[in-house]
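Protein chains in written order, with our numbering: chain A, 1056 to 1210; chain B, 221 to 630. Glycine included, every Cβ here is placed at the ideal spot set by N, Cα and C.
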Amino acid sequence: MTETEGPTDGEVPHGRLWWTAVGVGVLLMAYGVYGLLGALLPEQRPRWLVWFLGGLAFHDFVLVPAVLAAGLLVRRAVPAAVRGPAQAGLLASAALVLVSVPVLTGYGRAAQPGNASVLPLDYVPNLLGVLALVWAVTTVVAVAAVLRARRARAR
Amino acid sequence: MSATERQSGDAGERPGLASGLRRAVALVAAPPRVGPLRADAFGSGLHDERPAAWLGMSLGVSFTICFATGLLSDLIQNPQAWFAWTPRPAWLYRVTQGTHVLTGLAAIPLLLVKLWVVYPRLWQWPTLRGAVHLIERLMLVPLVAGALFLLVTGVMNIGYWYAWGFGFLEGHYWAAWITIGALVVHLGAKAGVVGRVWRGGGRGALGEPRDGGLSRRGLLTGAWLASGLVVLTIAGQTVPLLRRLAVLAPRDMRSGPQGFPVNKTANDARVAETAVDPGWRLRVEGAVDRELEFTMDDLRARNLSEATLTIACVEGWSATQRWRGVPVRELVAEAGGAADAAVRVESLQTFGPYRATTLNPAFATDPDTLLALDVGGEALHLDHGFPVRLIAPNNPGVLQTKWVQKVVVL
């Protein structure tokens, strides 16, 4: 791998625009912290912080490493010709599953037992249906890619 | 280490401490290149400036839209002296709040792909290159934590999953200010890169295929397609044309008693008994010449008005119905209240932040602002606010007070 293709290190920011942005941004953040302290009860503040920093920690040290590991696995296990479509299919599937976690767990429905209009759908079969559609399209694209590669090799 | 060396270290304690500190700082700034700090730790050519910039621009736009629509929704619910919401156009809140929720959902795949693209920079070496670099990196903590927090709490909230141990409104609202502040700083740091990429420059060539996997352009297309798919499977809870595609939406605009959703049931609001009490009366009081009191029969004997109005919920679903009831302005006029008075509509509910709504004069005088008795040609279901509920154009769903017992002219 050559130097330019690696993670770009970028230059340290400088100039008037940067310092103006720092000034404005820090003011906005300070307003946010001030408002938050006023709005949350003392016992709620640590819980808020746990969710705020917990999400970051989970993302940086669990989710992304897992995705990177999955990426290595895909690189080893999936033939190069269909790797692109497979990666795109996995990306779309992961996004759909993540966004569906609250409706899949159904906590919202359980919390309002008398209200059948909350989470009224059958989300497991629905999600499986959408995923099936994603992978049907992925398969078509992958087959097309293989055929194209074969034709190019024949020529 | 020899004895003499240790001795000299002890003797020069101050310089020893200073040099130790310097060494510690140097170690933090440029730790040994092991694990993810190695130059070749992240092999994919997709961890690159150009997809990062394009995804960053998409996120900049979506977070700005989310912030603006969210602030608007907050202002509508907590009006300030300089801001008065209006009942027209009647569809506006449905659009702004639908946009808020759908833009947030669209941002989820974009944010996750973006963070994956720039993840190697978390492990950049040297870790710190001076004070300015430290500021830039520190500001990424509120930026990334805030962005993740907003999207996670938002998605949980539209799924009615309140697992945080703090109020969603306060937690989400103030986190948005923190995040947008960090975003401003980040934009200041990245303006140069974004400009370069926007003009077609930047490192690496978009679309260049690498080792059989996704190209850079393929990655961007994949992220945007995933976004589109998430939106398409949920948008139908507020966009009627897409209703059949909304298979992952937390709400179905036609599901619920009388064919539309309920946010709070009469049982949850503890009004199941008082709402069906035959002694129920609708009272009109406050700054009036004469207080009025109506039984249900009194109201039914009137010449009722009809209007087609939408319940547009903050959670991003909406349902449009045909309502019949008494215009609030008629009641104000009959009681001898001022024509341009504000009006407070109070529920039978004895607790909760939404037990009363204050209508500003524009809402109170709108002919379509009704105390509705009927929906879709039948008396309101108990969970939709029987005996009488408020329904006004362009009014957020939580402010369409149900189980009304009192109209107070202010």
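8 Å Cβ cutoff met for residue i and residue j
| i | j | result |
| --- | --- | --- |
| B:V629 | B:L568 | no |
| A:L1072 | B:G408 | yes |
| B:S336 | A:L1083 | Here the sequence assigns Trp to residue 336 of chain B, which means Ser is not the residue at that position. No. |
| A:V1158 | A:L1174 | yes |
| B:T399 | B:L360 | no |
| B:L524 | B:R544 | yes |
| B:P310 | B:P587 | The question names Pro, yet the displayed sequence has Ala at residue 310 of chain B. Going by C-beta atoms, B:A310 is not nearer than 8 Å to B:P587. |
| B:K622 | B:E566 | no |
| B:R549 | B:T528 | no |
| B:V450 | B:L275 | no |
| B:W394 | A:T1160 | no |
| A:V1137 | A:A1200 | yes |
| B:T570 | A:N1170 | no |
| B:V534 | B:G433 | no |
| B:A402 | B:L354 | no |
| B:V321 | B:G536 | yes |
| A:A1141 | A:V1122 | no |
| A:V1198 | A:G1144 | no |
| B:A532 | B:M473 | no |
| A:V1067 | B:V254 | no |
| B:G666 | B:G479 | Missing from the structure shown is residue 666 of chain B; chain B here goes from 221 to 630 and no further. |
| B:V631 | B:L519 | Given that chain B is displayed from residue 221 to residue 630, the structure contains no residue 631 of chain B and the question cannot be resolved. |
Proximal residues to residue i (C-beta, below 6 Å), its chain only, five neighbours per side dropped
| i | result |
| --- | --- |
| B:P634 | Because chain B in this structure spans residues 221 to 630, residue 634 of chain B falls outside the shown range and cannot be described. |
| B:H392 | T373 |
| A:G1061 | A caution first: A:G1061 carries a pLDDT of 33, below 50, which makes its placement in the model unreliable, though a value can still be read off. There are no such residues. |
| B:P346 | A249 and A250 |
| B:N615 | none |
| B:A304 | N580 |
| A:R1206 | none |
| B:T589 | V548, F583 and A612 |
Backbone CA spacing between residue i and residue j [nearest angstrom]
| i | j | result |
| --- | --- | --- |
| B:W384 | B:D594 | 38 Å |
| A:H1213 | B:L368 | For residue 1213 of chain A there is no data in the structure shown, the boundaries of chain A being 1056 and 1210. |
| A:G1126 | B:H601 | 53 Å |
| B:A288 | B:T316 | 9 Å |
| B:A555 | B:E493 | 29 Å |
| A:T1075 | B:G350 | 19 Å |
| B:A562 | B:F283 | 35 Å |
| A:D1115 | B:G318 | 30 Å |
| B:I378 | B:N483 | 11 Å |
| A:A1135 | B:R471 | 41 Å |
| A:L1186 | B:L348 | 43 Å |
| B:F514 | A:L1092 | 46 Å |
| B:S239 | B:V245 | 10 Å |
| B:G557 | B:V496 | 29 Å |
| B:V417 | B:R270 | 6 Å |
| A:V1192 | B:A411 | 37 Å |
| B:V375 | A:V1195 | 32 Å |
| A:Y1086 | B:R503 | 42 Å |
| B:Q300 | A:G1080 | 24 Å |
| B:P256 | B:R419 | 32 Å |
| B:A327 | B:D509 | 54 Å |
| B:G421 | A:G1078 | 29 Å |
| B:G476 | A:L1176 | 12 Å |
| A:A1132 | A:A1150 | 22 Å |
| B:S293 | B:L389 | 11 Å |
| B:T441 | B:M277 | 14 Å |
Reference residue i, options the options, closest by Cα
| i | options | result |
| --- | --- | --- |
| B:H604 | B:P616, B:G432 and B:Q620 | B:Q620 |
| B:N298 | B:L579, B:A527, B:L591 and B:I611 | B:L579 |
| B:W500 | B:G536, B:P607 and B:I285 | B:P607 |
| B:R308 | B:P340, B:A599 and B:A584 | B:A584 |
| A:A1147 | B:E535, B:A558 and B:L332 | B:L332 |
| B:A261 | A:G1087, A:P1120 and A:L1095 | A:P1120 |
| B:R258 | B:L292, B:R242, B:L295 and B:R341 | B:R341 |
| B:Y313 | B:L295, B:F388, B:R564 and B:M376 | B:L295 |
| B:A365 | A:Q1099, A:P1101 and A:W1106 | A:W1106 |
| B:G438 | B:E505, B:G387, B:G479 and B:G265 | B:G265 |
| A:Q1167 | B:E526, B:S475 and B:N487 | B:N487 |
| B:V405 | B:P481, B:D268, B:A592 and B:R357 | B:R357 |
Cut-off 7 Å between Cβ atoms - residues of its own chain near residue i, not counting five sequence neighbours on either side
| i | result |
| --- | --- |
| A:S1155 | Y1178 and L1182 |
| B:A272 | K334, V337 and V338 |
| B:D456 | Before going on, a small fix: residue 456 of chain B reads as Gly here, not Asp. Only L462, R463, R464, L465, A466 and A469 meet the Cβ criterion. |
| A:L1095 | W1103 |
Spatial neighbours of residue i in its chain, beta-carbon cut-off 8 Å, leaving aside the 5 residues before and after
| i | result |
| --- | --- |
| B:L452 | L462 and L465 |
Exercise for the section: List in chain order: all unbroken alpha helix (DSSP H) runs of 4+ residues lying wholly within the segment 330 to 400 of chain B. Expected result: Those alpha helix (DSSP H) runs which fall completely within the segment 330 to 400 of chain B and span 4+ residues are 351 to 358 and 360 to 378.
Exercise for the section: Let me know the alpha helix (DSSP H) ranges lying completely inside the segment 492 to 520 of chain B, each 4 residues or longer, listed in chain order. Expected result: 516 to 520
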